[in-house]
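Contents: one structure, followed by commentary.
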Amino acid sequence: MPLLHIDNLHLAMRSYDGEAHVLNGVQLQVDKGEIWGLAGETGCGKSVTGLSVSRLVNTPPARYMQGRILFDGQDVVGESGSGKSTLTRCLLGLEPVDGGRILYRGADIAVHDAHGRRGHAARMQVVFQDPNASMNPRMTVHDIVAEGMVIHQRELGLDGPARTAQVLTLLGHVGLGRDHLHRYPHEMSGGQRQRVCIARALALKPECLILDEPTSALDVSVQAQVLNLLHEMQQAFGLTYVFVSHDLAVVRYLCDDVVVLRGGMVVEAGPTEQIFSTPQDGYTRALIAAMPELESCLR
Amino acid sequence: MMTTLPLDTAELAQGASRARRDAWRRAFYRMRQSSLSIVGLVLVLLLLLVAAAGNSMAPFPDHITGGIDTAMRFKPPSWSNWMGTNELGQDVFSLVLGGARISLFAGLAVVLLAAAVGTIVGAFAGYLGGWTDEVLMRLADLKLTLPGLILAMAVAAALGAGTLNMVIAISLGWWPGFARLVRGEVLSRREEVYVLAARALGAGPVRILWRHILPNIVSPVIVKMSLDVGFAVLTVASLGFVGIGVKPPTPEWGQMLSTARGFLPDYWWTAIFPGAAIFLAVLSFNLLGDGLRDVLDPKSRR
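As they're listed, the protein sequences go chains P and E. If you want our numbering, it's the position in the first sequence, counting the first as 1, plus 1217. If you want our numbering, it's the position in the second sequence, counting the first as 1, plus 98.
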């Protein structure tokens, strides 16, 4: 059974000039320990798909029309749905959806129930595109990384010093140290910030990370470092990744399998090497042809 | 337990306090860039000192508590009575010093109360949206349709005289301003990615408002508060002027002005000095507010 199963997901967004259909039947099956890439051009629905899994899409303006997201065999979004960025939001699952259910280990936990949401949060975390915007400018690195442990205090039972020790361990994993503990986000470089965001996402020991273009706001040299770090973390903790990116070079480097989205629909899906060597669809071929030649040097 | 941890708590606390100290140092540096805001800050501190210790600084402290001296009626300013004396022979300088306490503390209390209520209402209206937003903001609109001073006069008259009643009466018309300001700020902040990240961690609305949104919108609230204190002092004085508010013999600037009106222009000093005190209080809080805006709100910085 796949860890994450997105089944025929449809999502519409309400705007001033009517409803835009962002996702039109997205299909995806992610096995535990896999890295799946969601590729496609801007606006194809990559992020919406990712965030849908996390239930982070606001409804309204979004409306799930049909489809389901199953996490560990359990419903995350039922009778509901999600494109690239939008799908990412759905994956994190924080919004109540009409007729939606989260089933975890056979127990039905209502999606809009605070307890269920918190439980889902511990199993699935997200790293956003812009590390600068995704950290509260008024909080120190310590407070940012420790926040999840404070929210889940009851389940984890860690006191202040134990949390701080855990924060230091996490910072160690991502290549930061005690020097960074009391810095504010603006006192760090872009790469360091994204490392803090990764540490924050790992703090609750999740099974699955949604990576919403985690490197596209970074310098090219730093991108490689962060990608390597993500790969290391995946190996070390047996994580499952849903990796949203428009950068095919990055997708090819990191992902085991790829889904190519266009207009909220799956154009092509399969193992990364197969997609890149023998693309079946004209749109996929066009995307691959548009890759800069430098890509071969990166590998 | 403590010894097994790979960290030194003293060192950690030191790091945290260093970060805070740096933030304060930067704020003061920016404040010094504008000399008018320093003037405002010094004047405000001076006024607060007078409000706190005015009674013991006054040359005739018994006049503040209602003592009169009929032999000294309407004496012009002199070395012994710097601002002259009034119709009861009371030293105007002592009364102005004594009046600072009521005027400033009532002004501060009004703004604190209004800011607290307005922030809570605006925060929940902005974050929760939907019908919560509709109900709370229509309530605020209702207040905005009534002129603040009229509302305050009606409520103060209904509740009866007294400083506390006056503060409640004025605050009742004051919180919608803060509620609208905070609601607007919350609406823009709640779409921030770090709020999304906190929700992904499982944070609830109270935690998101308290830890993530409010700390990032205190600047405009503080600026509005310091600007509003001046107007609140003026409103307190206006209520005193029309005879609602503080009960005599407690001196209050507006009330002094109102009484002195009958003795113009012959005994001008009985009106000029309380009026100047009101003017000074309003001016200093406005200067401070403008300065704080420059420090706290980078967008309006020149």
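Glycine included, every Cβ here is placed at the ideal spot set by N, Cα and C.
{"Item": "Within-8 angstroms CB hit, P1354/P to chain E", "Value": "yes"}
{"Item": "Test item: CB-CB of Y292/E and N1353/P under 8 angstroms", "Value": "yes"}
{"Item": "Terminal residues of the beta strand (DSSP E) in which M1341/P lies", "Value": "1341-1344"}
{"Item": "Under 7 angstroms by beta carbon: chain P residues contacting A402/E", "Value": "Absent from the model: residue 402/E. The displayed extent of chain E is 99 to 400, so no value can be given."}
{"Item": "With 16 other Cβ atoms within 10 Å as the buried cut-off, status of W367/E", "Value": "buried"}
{"Item": "Length of the line joining the Cα atoms of G113/E and A121/E", "Value": "13 angstroms"}
{"Item": "Option in I320/E, L378/E, T357/E with minimal Cα separation from V209/E", "Value": "I320/E"}
{"Item": "Three-state class that DSSP yields for M178/E in the structure shown", "Value": "Looking at the sequence shown, residue 178/E is not Met but Ser. Three-state DSSP puts S178/E in coil, outside helix and strand."}
{"Item": "Contact under 8 angstroms by Cβ, A204/E with W273/E", "Value": "no"}
{"Item": "First through last residue of the beta strand (DSSP E) which encompasses F1460/P", "Value": "1457-1462"}
{"Item": "Beta-carbon proximity of F339/E to L355/E, cut-off 8 angstroms", "Value": "yes"}
{"Item": "Inter-stretch contact (C-beta, 8 angstroms, three-pair minimum) for the stretch 221-234 of chain E and the stretch 161-177 of chain E", "Value": "no"}
{"Item": "Extent of the continuous alpha helix (DSSP H) run through E1236/P", "Value": "Note, E1236/P: premise wrong, no alpha helix (DSSP H); beta strand (DSSP E) at 1235-1247."}
{"Item": "Member of L337/E, A296/E, I315/E whose CA lies at the smallest distance from the CA of V280/E", "Value": "I315/E"}
{"Item": "Reduced DSSP category for G1394/P - H, G, I as helix; E, B as strand; rest coil", "Value": "coil"}
{"Item": "Contact list for the stretch 307-332 of chain E against chain P, Cβ threshold 7 angstroms", "Value": "H310, P313, N314"}
{"Item": "T1432/P versus D1473/P - alpha carbon distance", "Value": "18 angstroms"}
{"Item": "Assigned secondary structure, I1223/P (DSSP; H/G/I helix, E/B strand, else coil)", "Value": "strand"}
{"Item": "Short CB-CB distance (under 8 angstroms) between L1311/P and chain E", "Value": "Confidence in L1311/P is poor, its pLDDT being 38 and thus under 50, which makes the residue's placement too unreliable to answer from."}
{"Item": "C-beta neighbour in chain E for L1398/P, strict 8 angstroms", "Value": "yes"}
{"Item": "Nearest-angstrom Cα separation, counted from D1429/P out to F222/E", "Value": "29 angstroms"}
{"Item": "Own chain partners of L1387/P with C-beta closer than 7 angstroms, once the 5 adjacent residues on each side are dropped", "Value": "V1362, A1416, L1419, A1420"}
{"Item": "Bridge-paired residues (DSSP) for C1425/P", "Value": "M1341/P, T1457/P"}
{"Item": "Pairwise C-alpha distance: I1368/P and N263/E", "Value": "42 angstroms"}
{"Item": "Distance CB(R1395/P)-CB(P1348/P) smaller than 8 angstroms", "Value": "no"}
{"Item": "Inter-stretch contact at 8 angstroms, needing at least 3 Cβ pairs: the stretch 1236-1243 of chain P / the stretch 1456-1475 of chain P", "Value": "no"}
{"Item": "Length of the line joining the Cα atoms of R118/E and R1380/P", "Value": "21 angstroms"}
{"Item": "Element boundaries [alpha helix (DSSP H), containing R171/E]", "Value": "Element bounds for R171/E: n/a, residue is neither H nor E."}
{"Item": "Chain E contacts from the stretch 1422-1445 of chain P (Cβ-Cβ distance under 9 angstroms)", "Value": "I1427"}
{"Item": "Close Cβ partners of Q1497/P (< 7 angstroms) along its chain, the five nearest in sequence each way excluded", "Value": "E1485"}
{"Item": "Backbone CA spacing between G271/E and I162/E [nearest angstrom]", "Value": "30 angstroms"}
{"Item": "Beta-carbon contacts of K241/E that lie in its chain and below 8 angstroms, excluding the five residues immediately before and after", "Value": "L249, L270, G271, W273, P274"}
{"Item": "Residues bridged to A1486/P [DSSP beta-bridge criterion]", "Value": "V1476/P"}
{"Item": "Closest residue to G187/E among A358/E, R124/E, G258/E (Cα-Cα distance)", "Value": "A358/E"}
{"Item": "Check whether A238/E and A214/E have beta carbons under 8 angstroms apart", "Value": "no"}
{"Item": "Backbone CA spacing between G259/E and M251/E [nearest angstrom]", "Value": "The amino acid occupying residue 259/E in the given sequence is Ala; Gly does not appear at that position. Computed Cα separation, rounded: 11 angstroms."}
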